[in-house]
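Residue numbers (UniProt numbering): 2 to 341. The structure appears right after this line, and notes come after that.
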Ligand code: KG4
Ligand code: ZN
């Protein structure tokens, strides 16, 4: 008998994703994004995101099946993000998943969004070693997670951001610098021409008495805004490239310093960096440099698997199915502020 094919559905924010995974292998996937509809508001508008999921849910599942060369009857289980995320957005994905599971007569599995981000890397680089350290950095999250066994043990949440996520800091400062949305990639591009030592931006929460695993980016955002304001007040042109390079250096420094320290303190030999900010060239370079120095294996999934997608949710579903986990009831609720 062939191994089960798992359909994964993701709708926690502005991406509607569907993916198909069998035995840890990605068979096909598709993502639709409402990002363009949010651009003029400078951030994700929950109501717009939820409506976009209603339109995209069934088409992305069909597109994922077409990508995999499969049909609906090949699906053996359905996995869906139940949280954390925007409640209206999550509702749409969960409702769609229940519909598919019920009509196909296959089990339904609820998946934690962050577990999905972690599992994304297994689709490219194979099973994760147990344990491993995960730095998840996106527009919505900045956390350090200790993963013992993704299918069996709850993820240990070592630290989180106390205010803004790292991606949010990139996006908001980009706006102040007059760069386009989403700001992360724009800062990354602008930084290429800049000097990372031009501006001494703060390294929040890296002092000896600070929480080793907590992050804070709102102070950095304020410092960057103040720096821009000082130029404007003095009638000077804003050296955007230098500001972007210096901001990126500060963020990359804090993220990688804490992640490597967490690996050392927990005796963990593998660091996985996931989420949209893992695409940042300086975050990648500094993580490589510091991991190599500390003898830590660094794993970073390819960009298409770093941002929100359905394949990563299918990857967790596949692990749950193979571990013999209990399926979710058809009346399973969303859990927008799901704890880890
Ligand atoms: O994982 P993701 O697609 O969505 C969630 O937030 O869950 O991450 C999006 C975030 C945005 O804040 C975006 O600006 C940031 O990732 N990002 C980057 C880069 N590419 C995307 N930040 C810095 N440098 C990049 N190259
Ligand atoms: Zn995400």
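Yeah, the Cβ is synthetic: ideal placement off N, Cα and C, and Gly gets one too.
Enclosing beta strand (DSSP E) for residue i [first to last residue]
i           : result
residue 134 : 133-138
residue 160 : 157-161
Any non-hydrogen atom of the ligand ZN within 7 Å of residue i CB
i           : result
residue 276 : yes
residue 309 : yes
residue 39  : no
residue 30  : no
residue 118 : yes
residue 18  : no
Simplified DSSP state of residue i, which is helix, strand or coil
i           : result
residue 72  : coil
residue 110 : strand
residue 26  : strand
residue 10  : strand
residue 169 : helix
residue 176 : helix
residue 17  : strand
Nonlocal neighbours in the same chain, by C-beta distance under 8 Å from residue i, ignoring five residues either side
i           : result
residue 179 : 239, 241
residue 181 : 175, 187
residue 285 : 274, 279, 301
residue 324 : 152, 153
Delimiting residues of the alpha helix (DSSP H) encompassing residue i
i           : result
residue 257 : 241-267
residue 284 : 282-295
residue 144 : Counting along the chain, residue 144 falls outside any alpha helix (DSSP H), though it belongs to the beta strand (DSSP E) covering 143-148.
residue 306 : 304-307
residue 331 : Unbroken run through residue 331: none, as it is neither H nor E.
residue 78  : Residue 78 -> not in any alpha helix (DSSP H); beta strand (DSSP E) instead, spanning 78-84.
Chain-order list of residues whose beta-carbon lies under 6 Å from that of residue i (same chain, five-residue window excluded)
i           : result
residue 177 : 226, 229
residue 62  : 19
Same chain, Cβ closer than 7 Å to residue i, neighbours up to 5 away in sequence not counted
i           : result
residue 120 : 151, 313, 316, 317, 320
residue 45  : 14, 15, 39
Residue i: CB within 7 Å of a non-hydrogen atom of the ligand KG4
i           : result
residue 326 : no
residue 197 : no
residue 171 : yes
residue 62  : no
residue 247 : no
| query | With a cut-off of 8 Å, do at least 3 Cβ pairs link the segment 291-301 to the segment 155-163? | reply | no
| said: Using a Cβ distance threshold of 8 Å, determine whether the segment 242-252 contacts the segment 107-116, with at least three qualifying pairs required. | reply: no
| query | Is the segment 34-42 touching the segment 67-76, taking contact as three or more C-beta pairs under 8 Å? | reply | no
| request: Answer yes if the segment 230-237 comes into contact with the segment 260-273, meaning at least three C-beta pairs across the two stretches below 8 Å, and no otherwise. | output: no
| task | Kindly confirm or deny that the segment 131-141 and the segment 265-272 touch, where touching means at least three C-beta pairs closer than 8 Å. | result | yes
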